[in-house]
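Chemist: With my numbering as the guide, the letters of the sequence shown map in order to residues 4 to 149. All C-beta atoms in this analysis are idealised placements derived from N, C-alpha and C, irrespective of residue type, glycine included. Have a look at this one.
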Amino acid sequence: MGRAKLNAQKVFAQTHVALYRMSRGRLGGRFRKSPVLLLTTIGRKSRKKRTTPVLYIEDGENMVLVASNAGKDRDPFWWMNLKDDPSAIVQLRGRTVEVRAAQATPEEKSRYWPSLVKMYPTYDDYQKKTEREIPVVILRPLRSKC
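Below, the structure is given as structure tokens:
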């Protein structure tokens, strides 16, 4: 991928995060009708906070994400960061929640996958595009979201 495309993606993500935060999720809280949260992780190399908009579904208090990286052959940075340190912060509209991440078991993934694909059908295309098994990630709140 060229440098210009990477820079454009970075600017888009930064703008998305800023609009989401400023509007408490009214702007940027959806992508193609799918809900979006802001996920803040600690960079595994830089140790700096990194915030990324990510699509999700809810399962009770848990949030379920797909580490698709648009079907690329490597995991997204946010998932690599969570594998290094599973603690994270999620902004859901106007609420902030501390969470702990875990990769879904194969059984959990098979249960969640149909709902994830219903929310965002392109996930099936991404899985076909890559040889890696795309992880499903469960974020469990450390405290209730109330």
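Whole-angstrom Cβ separation of G22 and V93, contact assumed at under 8 Å?
Modeler: Numbered from its first residue, the sequence shown carries residue 22 at position 19. Numbered from its first residue, the sequence shown carries residue 93 at position 90. Note that residue 22 corresponds to Leu in the displayed sequence, not to Gly. Actually they do not touch by this definition, with Cβ atoms about 17 Å apart.
Chemist: Go ahead and pull the three-state DSSP assignment for S90.
Modeler: Numbered from 1 along the sequence shown, position 87 holds the residue referred to as residue 90. Correct three-state label for S90: strand.
Chemist: To the nearest angstrom, how far is it from the Cα of N65 to the Cα of R135?
Modeler: Residue 65 sits at position 62 when you count from the first residue of the sequence shown. Residue 135 sits at position 132 when you count from the first residue of the sequence shown. Spanning the two alpha carbons is a distance of roughly 25 Å.
Chemist: I want to know whether the region 74-81 touches the region 114-124 - three or more CB-CB distances under 8 Å.
Modeler: Because the criterion of three Cβ pairs below 8 Å is not met, the region 74-81 and the region 114-124 do not touch.
Chemist: Closer than 7 Å by C-beta to N72: which residues in its own chain qualify, once you throw out the five before and the five after it? Chain order, please.
Modeler: As a position in the sequence shown, residue 72 is number 69, starting the count at 1. Counting only Cβ-Cβ distances below 7 Å, and skipping sequence neighbours, we find D78, P79.
Chemist: Ends of the alpha helix (DSSP H) at S113?
Modeler: Taking the first residue of the sequence shown as 1, we reach residue 113 at position 110. First-last of the alpha helix (DSSP H) with S113: 109-122.
Chemist: Out of Y123, K75, P89, state which residue places its alpha-carbon closest to the alpha-carbon of T133.
Modeler: By one-based count along the sequence shown, residue 133 stands at place 130. Selected option, being the one with the closest Cα: K75.
Chemist: Return the residue from the list H19, A70, L95 that minimises the CA-CA distance to A107.
Modeler: Here residue 107 is taken as the residue at index 104 of the sequence shown, counted from 1. It is A70.
Chemist: Between which residues of its own chain and G97 is the CB-CB distance below 8 Å, once the five residues before and five after are set aside?
Modeler: In the sequence shown, counting from the first residue as 1, residue 97 sits at position 94. So the qualifying residues of the chain are R27, G28.
Chemist: List the DSSP bridge partners of T55.
Modeler: Translated into the one-based positions of the sequence shown, residue 55 becomes position 52. Beta-bridge pairing links T55 to L42.
Chemist: Tell me P144's beta-bridge partners as DSSP assigns them.
Modeler: Along the sequence shown, one-based indexing puts residue 144 at 141. DSSP, once it has assigned bridges, lists V102 as partnering P144.
Chemist: Return the CA-CA distance between T18 and G31, expressed in angstroms with no decimal places.
Modeler: As a first step, residue 18 is located in the sequence shown; it is residue number 15 there, counting from the start. As a first step, residue 31 is located in the sequence shown; it is residue number 28 there, counting from the start. One C-alpha to the other measures close to 9 Å.
Chemist: Do you know how far the Cα of A105 is from the Cα of C149?
Modeler: By one-based count along the sequence shown, residue 149 stands at place 146. By one-based count along the sequence shown, residue 105 stands at place 102. Below a pLDDT of 50, predicted positions are generally treated as unreliable, and C149, at 46, falls in that range; no measurement from the model is reported.
Chemist: For M151, tell me which candidate among L58, Q130, R35, R53 has the shortest Cα-Cα distance.
Modeler: Lying before the first or after the last residue shown, residue 151 is absent from the chain, which here runs from 4 to 149.
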